[in-house]
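One structure is given here, and the rest of the page talks about it.
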Amino acid sequence: MSRMPANPEIERFRVFRKLNMERKRWRAYGKCWRAADHIRHINSLYPAEQVKSGEEVLAEFRRIIRERNALPFRDIVSDYFRIGLNYKDRKFEDFVLWNEWDSTRKKLDRLVTHEIDVLLIKPKQNFFFTRRGIPMPERLGVLVRGDAQPVIISANNEKELLAEALNRYEIGLFSKPYDTCGGFCCMKILPGDTSGCLVNGQYRSWLELNDSLQGFPPLLIEQVVTQHAKISAFHMQSINTLRLWTIRDNSGRICFLDGIIRIGVGGSCTDNAKTGGVCVGLDHEGVMGDWGCCVYKIPSLIMDRHPDSGLIFKGTKIPGFQEAVELIIRAHECFSKHVFAIAWDVAVTQKGPLIIESNPHGGTATMQRMHGGWMFVYRRLQKQLLKTKSVC
1 MSRMPANPEI ERFRVFRKLN MERKRWRAYG KCWRAADHIR HINSLYPAEQ
51 VKSGEEVLAE FRRIIRERNA LPFRDIVSDY FRIGLNYKDR KFEDFVLWNE
101 WDSTRKKLDR LVTHEIDVLL IKPKQNFFFT RRGIPMPERL GVLVRGDAQP
151 VIISANNEKE LLAEALNRYE IGLFSKPYDT CGGFCCMKIL PGDTSGCLVN
201 GQYRSWLELN DSLQGFPPLL IEQVVTQHAK ISAFHMQSIN TLRLWTIRDN
251 SGRICFLDGI IRIGVGGSCT DNAKTGGVCV GLDHEGVMGD WGCCVYKIPS
301 LIMDRHPDSG LIFKGTKIPG FQEAVELIIR AHECFSKHVF AIAWDVAVTQ
351 KGPLIIESNP HGGTATMQRM HGGWMFVYRR LQKQLLKTKS VC
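Going left to right, the sequence shown walks through residues 1 to 392 as my numbering numbers them.
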């Protein structure tokens, strides 16, 4: 059988794409050469006996540019140090960089957009999971600017003053944006007096809080979760959540991959690494590892105890961990076989675990820093993309 002639337009596009990638690689080599002193300086901030030499690090940067699809260069730099690839015991071949993972994930997401939207858009998450018996925090509605003080608009379009809601929920309320991650623009709101309330530990008058909402994105508002006392002991001002990943194995069965606990610091109401939170690895029994760090700080130095409470991480067992794993597996099973990997934020209360939110776009740097390379997971993701393309 004779082969069909290649489409000249497609061939031209492939040649152009290849040349464009080569151009980007050469630009990245130039940036690496110009940033050599800066990279050596960052590496010098780590304990010298634990990390590779500056020249070894630069040689690995050049190999990554040449061999991996991880451009742009600035992302390679940030990923390299967040994952801890400058440590002597780490081979970069075992680790997947963010842009490699993200570009493949996006291709898969485009084939199952309707399911990814449910996982990504927070109002849809709450409606979808609660309808299926998956526990989540009680959601009141949306917090918006009012005439004299903020107003909560419920799903039934009923309006209630924030002050009235705080009278009903004395443990407080928590607001967060519809569609951002990383703990930004979040507020923990506690009852105050007739003139105002406490926002992230600071007193704000109703008028001041109301004015601050002008130009804000829509804020979801829900009841504050009362976490388990053992977890709260590390840092009581924040809800210290478990970040747990589930994936489909080769047989299509949902399984638990890896997990960490994120703990707030400095009185922050959030525990996210991007806002300075400490991350500690968890084994498959829910026991904390020997050390933790904040991967978004450079240098992300290792610590064996919480910087505020002084509690030691090593050997601490998370209560209700197995129940949390069973919960996220049950939640992942609500989706089709084409949804490969999901990151879950889970809070553990005295009554058991509940899902704070799902995140199909979860970052991989922290997990790899704590648990080692995810290149084997990336290979599975690539296979899943090929399978899904063949049926969609």
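Glycine is no exception: its CB is placed at the ideal position from the N, C-alpha and C atoms. Computed from a predicted structure; not experimentally measured.
* Residue environment, Cys185, which counts as buried when at least 16 other CB atoms sit within 10 Å -> For the purposes of this step, residue 185 is taken as residue 185 along the sequence shown, with counting starting at 1. Classification for Cys185: exposed.
* Within 7 Å: the Cβ of Gly363 and any heavy atom of the ligand MN? -> Here there are no bound small molecules, and the ligand MN is not part of this structure.
* To do: My understanding is that Leu220 touches Ser175, with C-beta atoms under 8 Å, so please give their C-beta distance in whole angstroms.
  => The residue you call residue 220 lines up with position 220 of the sequence shown. The residue you call residue 175 lines up with position 175 of the sequence shown. Contact holds; Cβ gap of about 7 Å.
* Considering only C-alpha positions, which residue in the set Arg379, His332, Ile260, Leu45 is nearest to Trp291? -> Counting from 1 along the sequence shown, the entry for residue 291 is found at position 291. Checking every option, the nearest Cα to that of Trp291 belongs to Ile260.
* The alpha helix (DSSP H) with Leu173 in it runs from where to where? -> For the purposes of this step, residue 173 is taken as residue 173 along the sequence shown, with counting starting at 1. Looking at the DSSP string, Leu173 is not in any alpha helix (DSSP H); the run it does join, the beta strand (DSSP E), is 173-177.
* Excluding the 5 residues preceding and the 5 following Met1 in the sequence, name in chain order all residues of the same chain whose CB lies nearer than 7 Å to its CB. => The sequence position of residue 1 within the sequence shown is 1, counting from 1. In this predicted model, Met1 has a pLDDT of only 46, less than 50, meaning its place in the structure is not dependable; the value taken from the coordinates is given anyway. Closer than 7 Å at the Cβ level, and outside the excluded window around Met1, lies no residue.
* Ordered list of beta strand (DSSP E) runs contained in the segment 310-389, each at least 3 residues -> 341-349, 352-359
* To do: Please confirm if the segment 296-307 is in contact with the segment 378-392, defined as three or more CB-CB distances below 8 Å between the two stretches.
  => no
* Do three or more CB pairs link the segment 70-78 to the segment 349-359 at distances below 8 Å? -> no
* Endpoints, the beta strand (DSSP E) within which Cys32 is located -> To locate residue 32, count along the sequence shown from 1; it is residue 32. It is not in any beta strand (DSSP E) - Cys32 instead sits in the alpha helix (DSSP H) that spans 8-34.
* **Distance between Cys197 and Leu319 (C-alpha atoms, nearest Å)** => Locating residue 319 in the sequence shown gives position 319, counting from the first residue. Locating residue 197 in the sequence shown gives position 197, counting from the first residue. Contrary to the premise, residue 319 reads as Pro rather than Leu in this sequence. Rounded to whole angstroms, Pro319 to Cys197 spans 32 Å at the Cα level.
* Asked: Using the beta-carbon count (16 or more within 10 Å), is Trp245 buried or exposed?
  -> For this step, residue 245 is matched to residue 245 along the sequence shown. Buried, because 16 or more other Cβ atoms sit within 10 Å of the Cβ of Trp245.
* To do: Assign Asp117 to one of three DSSP states: helix, strand, or coil.
  => On the sequence shown, position 117 is the one that residue 117 refers to. Helix at Asp117.
* To do: Would you kindly work out how many angstroms separate the C-alpha atoms of Cys409 and Lys337, rounded to a whole number?
  => The shown model of the chain, from 1 to 392, leaves out residue 409, and the question about it has no answer.
* **Alpha-carbon to alpha-carbon, Leu19 and Glu9** => Taking the first residue of the sequence shown as 1, we reach residue 9 at position 9. Taking the first residue of the sequence shown as 1, we reach residue 19 at position 19. Taking the straight line from one Cα to the other gives about 15 Å.
* Chain-order list of residues whose beta-carbon lies under 7 Å from that of Tyr422 (same chain, five-residue window excluded) -> The structure shown has nothing for residue 422, since the chain only spans 1 to 392.
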